[in-house]
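Visitor:
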Amino acid sequence: MKRACTLKENYEFRRVYQRGASAVSGSMVVYCRRNKLGRNRLGITASTKIGGAVTRNRARRRLREVYRLNGDKLQKGWDVILVARGRTVNCSWKELNDTFLRACRKLGVLEGGR
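With my numbering applied, the sequence shown closes on residue 1282, and no number is skipped along the way.
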């Protein structure tokens, strides 16, 4: 993923947290907010509550891969933040993928209601 397609700055994360919509599930939390860029940007967070550095990095990698596989199904022009939860590391790929799509559908980010 290109650097230009990610959220990096603290103020960008805070803006999405405060003014965006959210969907919560057992394995992740998805925050979304429209941007005026015409492309999607992704931010991923994993708290120290999840575990050590290895566990947090594994959770981030899994969430990044779920977004990569489903990014073409999303409408353009959104900032998306994925927050890892305790079950992110241990749940199956199918469950993680279904959870992401369900959350995006709830937030109205999916293209064509897939």
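The beta carbon of each residue, even a glycine, is placed where N, CA and C say it ideally should be.
This one's a predicted model, so the numbers in the text were calculated from it and none came from an experiment.
Can you give the Cα-Cα distance for Gly1206 and Lys1244, rounded to whole angstroms?
Guide: Straight-line Cα distance between these residues: approximately 6 Å.
Visitor: Give me the Cβ distance between Leu1175 and Leu1210, rounded to the nearest whole Å; I'm assuming they're in contact under 8 Å.
Guide: Contact holds; Cβ gap of about 7 Å.
Visitor: Determine whether the beta carbon atoms of Val1192 and Ala1227 lie at a separation below 8 Å.
Guide: Contact: no.
Visitor: Assuming Val1251 and Val1197 form a contact by the criterion Cβ under 8 Å, report the distance between their Cβ atoms to the nearest whole angstrom.
Guide: Contact flag correct, Cβ pair sits at about 4 Å.
Visitor: Where does Gly1254 fall in DSSP's three states?
Guide: It is helical.
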